[in-house]
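Asker:
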């Protein structure tokens, strides 16, 4: 196995399967949510990768599941229901700690 350094310091994973469930989110889809997070994190110090993924196993009711982790962050899971939740996650994932 060959390991390489990764150009991103932090990663935000957004579940793409949540929106397919019957009790999934009503006002937010994973593609638009991931895009909004990328836009909000564009000016964050350090590089943050936002990606859509398969089921994370969190399955919140009427929300998207997301996980933020990386350098200087405690790994956190989030239930995203609206644009306000996206903004809170973006502030957390882009925050400077140290």
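Numbering (this note's numbering), first residue to last: 299 to 396.
Beta carbons: idealized from backbone N, C-alpha and C, even for Gly.
Taking C-alpha atoms, which residue in 299, 392, 317 and 308 lies nearest to residue 378?
Answerer: It is 317 whose Cα lies nearest to the Cα of residue 378.
Asker: Since residue 382 is in the beta strand (DSSP E), which residue starts that stretch and which ends it?
Answerer: That residue, residue 382, is in no beta strand (DSSP E); its alpha helix (DSSP H) goes 381-391.
Asker: Rounded to whole angstroms, how far is the Cβ of residue 385 from the Cβ of residue 352, which I believe are closer than 8 Å?
Answerer: Not quite, the Cβ-Cβ distance comes to about 25 Å (not below 8 Å), so this is no contact.
Asker: Assuming the contact rule is C-beta atoms closer than 8 Å, residue 346 and residue 306 should be a hit. Round their C-beta distance to whole Å, please.
Answerer: That pair is a contact at about 6 Å.
Asker: Kindly indicate which three-state DSSP category residue 316 falls into: helix, strand or coil?
Answerer: Residue state, collapsed to three classes: helix.
Asker: Return the residue from the list 390, 348 and 391 that minimises the CA-CA distance to residue 329.
Answerer: If we check each option's Cα against that of residue 329, 348 comes out closest.
Asker: Whole-angstrom Cβ separation of residue 308 and residue 368, contact assumed at under 8 Å?
Answerer: Going by Cβ atoms, the distance from residue 308 to residue 368 rounds to 3 Å, so yes, they are a contact pair.
Asker: Considering only C-alpha positions, which residue in the set 382, 393 and 375 is nearest to residue 334?
Answerer: Here the closest residue by C-alpha is 382.
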